[in-house]
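Undergrad: I'd like to ask you about the structure that follows.
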Amino acid sequence: MAANYLPYEPQQMLLLPEAIQDWLPEGHLAHFISDTVDTLDLGAFHARYDEDGPRNQPFHPAMMVKVLVYGYATGVFSSRKMAKKLHEDVAFRLLAAGNFPAHRTIRDFRAFHLKELSELFVQVVRLAREMGLVKLGTIAVDGTKVKANASRHKAMSYGHMLKAEAELTAQIDALLKRAQQADEAEKNEPELDIPAEIARREARLVAITEARQRLEQRQRDADLERGRSPDEPPRGGRYKREFGVPEDKAQDNFTDPDSRIMKRAGGGFDASYNAQTAVDEAEHIIVAAELTNNASDAAELPTMLQAVQDNLGALPEQALADTGYKAEAVFEALSGSGCDLVVALGRQATDRPRQSRVPAPQVDRRATERLDQERARLPPVQPARAASRPGGVEAGVPGVEPEKNGGDVGRERAHSPSHNGRCAATTPTATQPGANAARRNHI
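Just so it is clear: in the sequence shown, position 397 is 1831 by the working numbering, and no numbers are missing.
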């Protein structure tokens, strides 16, 4: 008997169109994002398009925001992948509602509305608080390194910049001289596009000069922040260089000048940023997020607390942070804020000297067994006795007397006169022939 399958008609036309809302089950993330975005104020997005008049017909900002938010929530960050998902993914098609923006359109929308998209974060956090998801009882602050869209090989140190500027200047001068002698040297020199070479080196020289000026301006700002006067000469110790002169190892990136070289978790260094987040304890909702190019977290705690207050209008009752945020100046500045700070202090130094732990000696069990077997084959060794003095008195040392009453003839007890017999040590006597069996160390 043939199996009875459920109907399967791929070419069957629908008599009535389906509702796209029924394509996904209730409670799906796409439904939640769609309902949430509909409650947000998108006036800032509409204001940009109102200037173009009714002739321009862009995609609706609500649809674009829904597609971007759902893509970020599901791990899709590329505009090309989002454009592909709009044709293949049911959730993306539901949110787009029959619209298929190209990847360039998605990319341009994201680039043009970065400020408006960041302001939506504040609206979402406030909405979560109104729904009771954010309690502001306890928040946890932490940071993580985010790799910049720049290679660390595109960075150059200040000392290398000075050398490269001199080298490029010399090369440009040499090329200019060669251009003047091009007619005479043409038959001996290989073909060379001198104007293009000069333009390439001049462009690189301009880039290096701008990077050097950025480093010098950054150093001048740092010197002024430390309270140094521009007229104050270097005197060693705190100020080892002229005012506004960076260290030779200070670097600047040509691709992303705002990024900084930071140590990554897996080892090594990259051009990166330091991302800071504050998470509410109740439902683990991010209530504040900031980005800085300072690798240290020590000075970021006041910034994060201020961001929480700006987003929600109040400070949390308690803030938790790891040892990277430990700074006495920060604790003193936040002492009157009304927020209870709980910061890990890390390992504290102690006055007690550290005792070196000597590892226990390793014992070869097989060698020990073989040694015991060899000892068992040897004949027993008779203990040597002390020679007798004339008159039947045994030779000995003052303070040493042999044990009696059936004691071990091979062991003697050494008494210390200074301890009046209260401290005694039992030691074996020598058993080799000719050894002095009565020699002992007094305790």
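We put the beta carbon where it would ideally sit given N, CA and C, even for glycine.
Buried or exposed, going by whether 16 or more other CB atoms sit within 10 Å of the CB of Ser1693?
TA: When all chains shown are included, Ser1693 counts as buried.
Undergrad: Terminal residues of the continuous alpha helix (DSSP H) containing Val1742?
TA: From DSSP, the alpha helix (DSSP H) with Val1742 extends over 1735-1746.
Undergrad: What span of residues does the beta strand (DSSP E) with Gln1752 cover, start to end?
TA: Its beta strand (DSSP E) spans residues 1752-1755.
Undergrad: Indicate whether Glu1650 and Pro1691 have their beta-carbon atoms separated by less than 9 Å.
TA: Contact: no.
Undergrad: Nearest CA to the CA of Ala1582: which residue from Arg1482, Glu1762, Ala1705, Ala1767?
TA: Of Arg1482, Glu1762, Ala1705, Ala1767, the residue nearest in Cα terms is Ala1705.
Undergrad: Taking the alpha helix (DSSP H) that Ala1810 falls in, what are its first and last residues?
TA: That run of the alpha helix (DSSP H) goes 1799-1811.
Undergrad: State whether the region 1508-1520 contacts the region 1454-1461, with contact taken as three or more CB pairs (one from each stretch) at a distance under 8 Å.
TA: Touching, no, given that fewer than three Cβ pairs across the two stretches are closer than 8 Å.
Undergrad: Which residues in the same chain have their Cβ closer than 7 Å to the Cβ of His1547, if we skip the five residues on either side of it in sequence?
TA: Once the five neighbours on either side are set aside, the close Cβ partners of His1547 are Phe1479.
Undergrad: Using the C-alpha atoms, what's the distance from Val1742 back to Asp1714?
TA: Taking the straight line joining both Cα atoms gives about 10 Å.
Undergrad: Which residues share a DSSP beta bridge with Asp1774?
TA: Partner(s): Gln1752.
Undergrad: Could you check if Arg1675 is buried or exposed, using at least 16 other CB atoms within 10 Å of its CB as the buried criterion?
TA: With fewer than 16 other Cβ atoms within 10 Å, it is exposed.
Undergrad: Tyr1759 lies in the beta strand (DSSP E); which residues open and close that run?
TA: Premise fails: Tyr1759 is in no beta strand (DSSP E) and is neither H nor E.
Undergrad: Can you tell me which of Pro1492, Tyr1506, Ile1573, Ala1530 puts its alpha carbon nearest to the alpha carbon of Phe1543?
TA: That would be Pro1492, whose Cα lies nearest to the Cα of Phe1543.
Undergrad: If contacts are defined as beta-carbon pairs under 8 Å, then Val1721 and Val1568 qualify, I think. What distance do you get, rounded to the angstrom?
TA: Right, the Cβ-Cβ distance comes to about 6 Å (below 8 Å), so this counts as a contact.
Undergrad: Are the region 1592-1608 and the region 1640-1650 touching by the rule of at least three beta carbon pairs closer than 8 Å?
TA: Output reads yes: the region 1640-1650 touches the region 1592-1608.
Undergrad: Kindly give me the distance between the Cβ atoms of Thr1530 and Leu1520, rounded to whole angstroms, as I take these residues to be in contact under 8 Å.
TA: Residue identity differs from the one stated: residue 1530 is Ala in this sequence, not Thr. Contact holds; Cβ gap of about 5 Å.
Undergrad: How big is the Cα-Cα spacing for Phe1555 and Asn1728?
TA: Going from the Cα of Phe1555 to the Cα of Asn1728 covers about 23 Å.
Undergrad: Going by beta carbon distance, what residues of the same chain come within less than 8 Å of Met1590, once the five residues before and after it are set aside?
TA: These residues qualify, in order along the chain: Ala1598, Ile1642, Ala1645, Gln1685, Asp1686, Phe1688.
Undergrad: Give a yes or no on whether the C-beta atoms belonging to Val1559 and Ile1719 are separated by under 9 Å.
TA: Yes, they are a contact pair.
Undergrad: Could you round the C-beta distance between Arg1760 and Gly1747 to whole angstroms and report it? I think they count as a contact, below 8 Å.
TA: Here residue 1760 is Lys; the residue named in the question, Arg, does not match the sequence. Not a contact, Cβ separation roughly 28 Å.
Undergrad: Quick one: Cα of Arg1638 to Cα of Pro1629, how far?
TA: Their backbone Cα atoms lie some 14 Å apart in a straight line.
Undergrad: I'd like the span of the beta strand (DSSP E) that includes Leu1725, first residue to last.
TA: Note, Leu1725: beta strand (DSSP E), 1720-1726.
Undergrad: Can you tell me where the beta strand (DSSP E) with Gln1685 in it begins and where it stops?
TA: Start and end: 1685-1687.
Undergrad: Taking Cβ to Cβ, would you say Ala1437 is nearer than 9 Å to Ala1574?
TA: No, the Cβ-Cβ distance between Ala1437 and Ala1574 is not below 9 Å.
Undergrad: Taking C-alpha atoms, which residue in Glu1717, Tyr1707, Leu1474 lies nearest to Asp1731?
TA: Comparing Cα-Cα distances from Asp1731 to each of Glu1717, Tyr1707, Leu1474, the minimum goes to Tyr1707.
Undergrad: Which partner residues of Val1395 appear in the DSSP bridge assignment?
TA: The chain is shown from 1435 up to 1877; residue 1395 falls before or after that span and cannot be answered.
Undergrad: From which residue to which residue does the beta strand (DSSP E) around Ala1589 run?
TA: Here the beta strand (DSSP E) through Ala1589 covers 1589-1591.
Undergrad: Return the chain-ordered list of same chain residues with a C-beta closer than 7 Å to the C-beta of Glu1465, the five sequence neighbours on each side being excluded.
TA: Contrary to the premise, residue 1465 reads as His rather than Glu in this sequence. Closer than 7 Å at the Cβ level, and outside the excluded window around His1465, lie Leu1458.
Undergrad: I think Ala1517 touches Pro1535, with their Cβ atoms under 8 Å apart; what is that distance to the nearest whole Å?
TA: Right, their Cβ atoms sit about 7 Å apart.
Undergrad: Between Gln1605 and Arg1635, how many whole angstroms is the CB-CB distance? I'm expecting something under 8 Å.
TA: So it is a contact: roughly 5 Å between Cβ atoms.
Undergrad: Mark Gln1710 as exposed unless 16 or more other C-beta atoms lie within 10 angstroms of its C-beta, in which case mark it buried.
TA: Classification of Gln1710: buried, given that the 10 Å Cβ count is 16 or more.
Undergrad: Buried or exposed: which applies to Val1503, given that a residue is buried once 16 or more other Cβ atoms fall within 10 Å of its Cβ?
TA: Its Cβ being crowded by 16 or more others within 10 Å, Val1503 is buried.
Undergrad: Out of Ile1632, Arg1648, Arg1811, state which residue places its alpha-carbon closest to the alpha-carbon of Lys1611.
TA: Of Ile1632, Arg1648, Arg1811, the residue nearest in Cα terms is Ile1632.
Undergrad: Report the three-state DSSP secondary structure of Asp1469 (helix, strand or coil).
TA: Asp1469: helix per DSSP, three-state reduction.
Undergrad: What are the partner residues of Ser1706, as DSSP defines its beta bridges?
TA: In the DSSP output, where bridge partners are listed per residue, Ser1706 has Lys1581, Arg1694.
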